[in-house]
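So the structure is just underneath, and the comments pick up after that.
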Amino acid sequence: MAAAVRCITVVGAGIMGRGIAFAAARAGFETRVIEPSAKAIDSAKAEVEKIVARGKEKGELDAAAAEQAGRIAWATAADAAKGSDLVIEAVPESVPLKADLYAKLAPHLAPSAILATNTSGLSITELAATSDRAPRFVGMHFFNPVHRMRLVELIRGLETSDETLAVTEEVARAMGKETVVVRESPGFVTSRINALIGNEAFTMLEAGVASARDIDKALKLGLNHPMGPFEMVDLVGLDTRLSILEYLHRTLGEKYRPSPLLVQYVKAGRLGRKVGRGVYDYAG
Ligand SMILES: NC(=O)c1ccc[n+]([C@@H]2O[C@H](COP(=O)([O-])OP(=O)(O)OC[C@H]3O[C@@H](n4cnc5c(N)ncnc54)[C@H](O)[C@@H]3O)[C@@H](O)[C@H]2O)c1
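In this text, residue positions in the sequence shown follow the working numbering: the first is 1, and each later residue adds one.
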């Protein structure tokens, strides 16, 4: 376990927060979760129990590890962060929302506590500037599902200190993750490359280069990608992908202009698995 960090508080128990909390508890950190929605807490608890049960079944967790992984304290208010060495924020992707949360957390945090955000694309420097601790502010970009995905992208804002980076790297390793360090830039490494591949796939589909199934098959069997770009965008959500591309287009230039076909799919409400239809049809 990372020496400088004993207690981790995760804020937000949605898709990502619950997975991060599991990873922290599993690694032996005292783990707390702050989530205002009782419904989200119930569903997060149930999901952590399911992950633990499956881990036991598969022999990945012994009884002691399973007990440790399930030991998470759930709370609804910001004062539960008191005494944390590291807070990992996983609330929705909005600067004002995240900034408001940092202001609510500030009176409960020790000056030495590190604040990490799981943002998938917002500027770490901008978010850090809204907090009271820019040198102890960093991006910790986990991937979905957290208990399966091995990478944490560590993103350095303009003022992130070497020590903050070193501590979060150690924490990620203690969670069993590999890390890469990225200087802040739009889309970091992963979202930027993934958006470009996905956009090119739509451009090729529109031009009739190959069918969606064959483009997916080509990348999986020929290039060893675990998922095809259309399977992936259906999982991520076409609206989410479009908003990432629009941001990259605005910040990095023409290369990232969203494919007109992707724009049309979003206009048609074909947003992916979450609505039963994206590039592929999931109804029935
Ligand atoms: N979903 C992904 O695949 C993915 C991957 C990497 C990073 N991210 C990033 O992680 C963050 C969270 O995404 P998500 O998909 O888990 O979102 P989500 O909508 O599933 O969960 C967000 C949770 O935050 C809670 N919340 C809202 N305001 C809060 C507050 N003030 N205090 C505490 N909790 C609050 C909500 O009730 C909700 O349960 C976002 O910044 C997102 O961009 C998401």
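We treat Cβ as the ideally placed atom computed from N, Cα and C, and that holds for glycine. All figures in this text were calculated on a predicted structure; none of them were measured in a lab.
The beta strand (DSSP E) with residue i in it runs from where to where?
i, result
"valine 11", "7-11"
"methionine 140", "137-141"
"glutamate 30", "30-34"
"alanine 210", "Note, alanine 210: premise wrong, no beta strand (DSSP E); not H, not E."
"arginine 156", "151-156"
"asparagine 178", "Sequence inspection shows glutamate at residue 178; the asparagine mentioned does not correspond to that position. From DSSP, the beta strand (DSSP E) with glutamate 178 extends over 178-183."
In the structure shown, what three-state DSSP assignment does residue i receive?
i, result
"histidine 108", "helix"
"arginine 273", "helix"
"alanine 77", "coil"
"glutamate 170", "helix"
"valine 91", "coil"
"glutamate 285", "Since the first residue of the chain shown is 1 and the last is 284, residue 285 is not available in this structure."
"aspartate 233", "Sequence inspection shows valine at residue 233; the aspartate mentioned does not correspond to that position. Helix, per DSSP."
"leucine 221", "helix"
"alanine 113", "coil"
"aspartate 85", "coil"
"alanine 283", "coil"
Buried or exposed for residue i, going by 16 or more other Cβ atoms inside 10 Å?
i, result
"serine 120", "buried"
"valine 5", "buried"
"aspartate 216", "buried"
"alanine 77", "exposed"
"asparagine 144", "exposed"
"methionine 16", "buried"
"proline 96", "exposed"
"isoleucine 8", "buried"
Are residue i and residue j closer than 8 Å when you measure CB to CB?
i, j, result
"glutamine 68", "glycine 19", "no"
"tyrosine 256", "alanine 195", "yes"
"proline 229", "leucine 221", "no"
"serine 131", "leucine 115", "yes"
"threonine 117", "glutamate 184", "no"
"valine 87", "valine 33", "no"
"serine 84", "alanine 113", "yes"
"aspartate 234", "arginine 273", "yes"
"valine 279", "alanine 212", "yes"
"valine 91", "isoleucine 72", "no"
"alanine 44", "alanine 13", "yes"
Can you name the start and end residues of the alpha helix (DSSP H) that residue i belongs to?
i, result
"leucine 248", "238-252"
"glutamate 200", "190-207"
"arginine 54", "38-57"
"threonine 125", "124-130"
"glutamate 67", "63-69"
"valine 266", "260-267"
"alanine 23", "15-26"
Quick one: is residue i near chain D, going by C-beta distance under 8 Å?
i, result
"glycine 17", "Looking at the structure shown, chain D is missing, and only one protein chain is on hand."
At least 3 beta-carbon pairs within less than 8 Å: the stretch 24-44 vs the stretch 163-181: These segments touch.
Inter-stretch contact (C-beta, 8 Å, three-pair minimum) for the stretch 122-139 and the stretch 150-161: The answer is yes - the stretch 150-161 touches the stretch 122-139, with three or more Cβ pairs under 8 Å.
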